[in-house]
Amino acid sequence: MSTPQYLLQARQMQALSLSVHIPLVCFGIAFPAMILFAEWRSLRTGDELYRTLARRWSKIMLALFAVGVVTGTILSFELGLLWPVWMQDFGNVFGLGFTLEGFSFFVEAIFIGIYVYGWDRISPRLHFLSGIPIAVAGITGSMFVISVNAWMNHPTGFTLVGGRATNAHPWAALFANPFFWSEYVHMYFAGYIVCGFLLASVYAWGYLRGRRGRYERTALAISLSAASVASPLQIVVGDWAARDVAQSQPVKLAAMEGLAHTTRGAAEHLLGWYNGHAVVWGIEIPRLLSLLAFHNPNAVVKGLDIVPLADQPPVNVVRFAFQTMVGIGTLLGLIGVIYLFLRLRRKELPAWLCWAVVAAGPLSVVALIAGWITTEVGRQPWIVYNVMRVSAAVTGAHVIPVSYATLCVVYLGLAVAVFWLLRTFSRVPLPPEASHG
Amino acid sequence: MADVPMIFILAGITAYAVLAGADFGAGIWTLVPGTDREHVRHAMGPVWEANHVWLIFVLVVAWTCYPVAYGSIVSTLSVPLLIAAVGIIFRGTAYALRNQISSGVRLVENLFALSSVLTPFALGTVIGALATGRVPVGNAAGNLVTSWLNPVSVLTGVLAVAFSGYLAAVYLAADARRISERHEVPALRIRALLSGAVAGVLAIAGLLVVRSSAAPLWHGLTSGAGLVMVCVCAVAGVATMALVWRSVFGLARASAALAVAAVIGGWAAAQRPYLLPGLTVAQAAAGRATLIAIIISVGAGAVVLIPSLFLLYALFLRGRLDVASDPEAAPVRPLAPHDPSTSSTSPTSSASPALSAPAVSAIAFAAVTLVAGSVLLVFTDPAWTHGLGAVCLIACAIRVFTLVATPDESG
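What follows is the structure, encoded as C-alpha cells:
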C-alpha cells in the first residue's frame, strides 16, 4: 500500500488542532464547577466578594467557551476532512459518541448564554441553577469524546467485513468498553489540574507581586485547592490507566517503557534513550515495570518484538512524552500535597511555593499534551487499533499542505487573540468593595 | 427507518440556515456604512453559540448515519469546507474579542464581516455541489475544483449570502423595535425590503441557471414535492415582503424563516431518493443498531434541548439577557444571607483558628475514601470495583476541596 506523502502533515494538522482544543476542554470540565462553588458561597454567606469573583470568572469562561466552540467545530470538520475513509468504514460504530457530545455541547451553549448574560437579570437562585447544566454538560461532553478515543484504542462492538464495520452495536462499543473508564477518569482529573493550576498560576504571580487583597486570595484559594486535591489523586488514577494499557495494548506499553523484547521481571528505566534494542543512559530499577504493570515483580511484560517493526509506534516519542507526563504529574502531586498541608494548618503561602505554582500552570498543560501524545502516538500506526491503519484512512484530496499552512497561521492568530483577551480581562479594575481586605 | 436521520439532518440544516444564517447576515450588514454595529452585536450576543451548534449536530448525525456518503462529500469538497472552517474560526474569534476590547476594533470587525460572507458562501457551494450530483462515491473521487466552482454551486453560495443578509435585516428590524431603538426601524425596514428583493431576484436567476445546466435538479424542482416547496418559498417570500412593508416584523421573522426552510425542503425533495449519484439514502444508511441508537439519542436529546432552547429564546426575546439596557429595568433582588436549606450541609461555615470538629470529621472522611479508592483502583481487577474506586477518589477530592477552598474568613 502506498502511503501518501502528506500523511505526516495530516497527522500534524490533527495533532495541532487537538493540542489547541484540549486545554480549552479542561476549562469546560472544571471551570463551571469552580464558578458555581463561588456563587454558592455568595448565596450562602451573602458575601458580595464571591459574587464578584463568580461574575468575573464567568466572563472568562464565556470567552474560552467561544474559542472552544471554534476549535471544536474545526475538529469536527477535520475528522472528516482528513480521515474520510475512517468515517466511511467506522462512522456507524463511533459516530454515536459525537452525536451525544453534540447534545452536550448544545446544552452547554444554551445555558452559558443564560448564565453569563443573566447576572442581575434573573433571580439569584434561578441564576445559580442555570449554571448547573453547564457543569454537567462539560463533564458529559468530554466523556462522550473520550468514549470514541477509547474505542479507537480498544475497538469492539462490530463485525469486520471487507475492511468495513458491519453489524455495529454502538452503545456497547462505546460504553461497555473496559478501556473507557480509566481513560475518562484520568482526563477528568486532568481537567481540574490544568484549569486549577493555570488560574492559580496567574494569581500566584500577582501574590508574589503584592496583589494580596481578599479577592485575589479567594481566587487563589479556590483554583489552587481544586488543582491540589486532584493532582495527588491523579497518580493513583494514572496507575489504573497504565494497567489498562498494559492489558489491552501491550505494544503501546512496550513503547512507553522502551522494552524491546518480551521479558520476565522487566526493569523500569528513568530517562535515557531507546536505541532500537534497549534503553541506554537511563537509570534502571530492576523488576519495577513488572511490578507496576501487573503487580508481580516476576510478571512477563510483552516487548515490542511481538509485532513486526512496521506495526511499532515511534518509541522515543512515546517514551519521552510518557516520562514527561509522569515527571510533571509527580511534581504537581507534590505541590498539591504541600499546599493542602499548609492550608489545613492555616499557614501563609511561602514565596517558593508561589513560584512553584506559577510554574505549575504551564507545566500542567505540557503534561496534558504529553499524555495525549503518549496515548495517540502510542497507538500508531493504527487509527483503529489493530484494525485500520492511519495511512489507509487519510483523504485522497491533495490540499493538505495548503490547509495545514493556513491552519497554522490561523491558530497563531487565535492564540495571540486569546492571550490579548485574557490580559484585557485581568486589567478591568475590581469594584471598590472587593478590592480591599 | 433509513430516512429518519436524514430528516434530522435536514431539520438541522434548516435551523442552522435560519438561526446562524441570520447571525452571518448581521455580520454582513456591518460592511454596509451606517449600520449600528453595537445593535448587531447586541442582537446576537447570548444566542450565537447555541445557534452555531446546529452545524455540529448536522455533521455528527451525517457521519454516523451515512458514513460512506459523508466520507465522499468531505474528501471531494474539502476546499470549500476548509474555507468555511477558516471563516468560522475568524468569526468565533472576532465574536469572543469584540465584546471585550477597546483597541483594534476596526480590524476585528472587518474580520468578522469578511468571515460572515465567506462561511455561508462556502457552505452554499457545498449544497450546490450536492444538488447537482458532482460528488461521486469514493475518497476524493470528484474534481476538487469544479465540484464546487461551477455556475450552480457559485449561485447557491451567493444565494446563501443573500438569504443570510435578508433574514438578518428582518430580524434586526424586529429586534430594534423590541429594544425600542425605534429610530433605527425605518432604515432597517428599507434594508429588509431591498435585500428581500435581491434574494428573490437571485432565487429566480438561480432557477434559470439550474434549468440550463442541471436538468435533473430542474426536473425535481418543477414536479411533485419539489414544486410545492418552490411555491411555498415564493409565497412565503412575497408574504414577508408585504409584512415588512406594513412593518409587522414579528410575523415577517417567521415567514422569512419559512421561505428559507422551503428552499432546503425543495432541494431535498428534488434530489430524493438519491444522496449522491447512484447512492440512495437507503443504500447509504448505516446499520439498524446504529440508526436506532441515533434516533433514541436525538429523541432523548430533544427532551432536554427543546425546553432549554425555549427558555433561552424566551429570556432572550423578552430582553432578560440584554446587556445594554439600563440596570434599573431589572432590580437586583437582595441576597438571602443565610439559606436554611443549605446551611447545614457546609462544613466550613464557621471560621475556626485550629481544626474544628467538622474539619476533623471531614479529614477522616477524606482519609477513608482516599484509602478505599486507592486500594480498589490499585489492587483489584473487576471493572465495578474500579468504578467504585474512582467514585471514592472523587468523593475524597470534593470533601477536601470544600474544606480548603474557602479562604480565611478572618482576612
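Note that the protein sequences, when read in sequence, are chains A and B. For the first sequence, position 346 (counting from the first letter as 1) is numbered 364 according to our numbering, and the numbering increases by one without interruption. For the second sequence, position 295 (counting from the first letter as 1) is numbered 324 according to our numbering, and the numbering increases by one without interruption. Glycine residues also receive a C-beta, built at the ideal position from the N, C-alpha and C atoms. Predicted model, so just to flag it, every value in this text is computed and none were measured.
In the DSSP assignment, Y303 (chain B) is bridged to B:T309.
Around the beta carbon of P109 (chain B), a 10 Å sphere encloses 16 or more other beta carbons of the protein chains shown; the residue is thus reported as buried. When C-beta distances to chain B are compared with 9 Å, the residues of the stretch 208–222 of chain A below that value are Y210, in chain order.
For L100 (chain A), the closest C-alpha among the options A:L25, A:T393, A:M205, A:L367 is that of A:L25.
Within the stretch 104–173 of chain B, complete alpha helix (DSSP H) segments of at least 4 residues are found at 107–127, 134–160, given in chain order. DSSP, read as helix, strand or coil, puts W299 (chain A) in coil. Taken atom to atom, the span from the alpha-carbon of A125 (chain B) to that of Q252 (chain A) is near 33 Å. In this chain, the beta strand (DSSP E) harbouring V402 (chain A) covers 400–402. According to the DSSP assignment, V179 (chain A) belongs to no alpha helix (DSSP H) but to the beta strand (DSSP E) extending over 177–179. Nearest Cα to V199 (chain B) within the set B:S144, B:A288, B:T154: B:A288.
Identification of chain A residues near S104 (chain B) by a Cβ-Cβ cut-off of 7 Å yields P102, T413, G414, A415, ordered along the chain. M406 (chain A) is bridged by DSSP to A:V402. If you draw a 10 Å sphere on the C-beta of E57 (chain A), you find 16 or more other C-beta atoms in it, and that means buried. By the Cβ neighbour-count rule, R62 (chain A) is buried, with 16 or more other Cβ atoms within 10 Å of its own. Below 8 Å, too few C-beta pairs join the stretch 272–287 of chain B and the stretch 145–160 of chain A to call them touching: fewer than three. The continuous beta strand (DSSP E) containing L288 (chain A) extends over residues 286–288. About 16 Å separates the Cβ atoms of L310 (chain A) and G300 (chain A), ruling out a contact at the 8 Å cut-off.
Taking 8 Å as the CB threshold, Y124 (chain B) lines the interface with chain A. In this structure, A412 (chain B) places its C-beta atom within 8 Å of the C-beta atom of P196 (chain A).
In the same chain as I324 (chain B), and ignoring 5 residues on each side of it, the C-beta atoms closer than 6 Å to its own belong to V33, in chain order. Between the alpha carbons of G86 (chain A) and N334 (chain A) lies a distance of about 31 Å. By the Cβ-count criterion, T309 (chain B) is exposed, with fewer than 16 other Cβ atoms from all chains shown falling within 10 Å of its own Cβ.
When DSSP states are grouped into helix, strand and coil, Y292 (chain A) belongs to the strand group.
When CB distances to chain B are screened at a threshold of 9 Å, not a single residue of the stretch 35–46 of chain A falls below it. Per DSSP, the continuous alpha helix (DSSP H) segment holding A40 (chain B) begins and ends at 33–44. Not a single C-beta of chain B is nearer than 8 Å to the C-beta of R74 (chain A). Bounds of the alpha helix (DSSP H) holding T158 (chain A) are 142–171.
T184, N185, A186, H187, P188, W189, P196: these are the residues of the stretch 184–197 of chain A whose beta carbon lies less than 7 Å from some beta carbon of chain B, given in chain order.
In this model, S252 (chain B) and V155 (chain B) are separated by some 24 Å (Cα to Cα). Pairing G209 (chain A) with C372 (chain A) gives a Cβ-Cβ distance that is not under 8 Å. S326 (chain B) reaches chain A at L114, T117, L118, F121, counting residues in chain order whose Cβ is nearer than 8 Å. Close partners of T70 (chain A) in chain B (Cβ separation under 7 Å) are lacking, with about 12 Å as the shortest Cβ gap. Here the alpha carbons of A79 (chain B) and L334 (chain B) stand approximately 11 Å from one another.
Contacts between I118 (chain B) and chain A, judged by CB atoms closer than 7 Å, involve V88, I92, V428, L432 in chain order. At least one beta carbon of chain B lies nearer than 8 Å to the beta carbon of W258 (chain A). The beta carbon of L305 (chain B) is closer than 8 Å to those of A98, S101, I102, L159, G162, V164, P165, V166, A313 in its chain, skipping five residues each way along the sequence.
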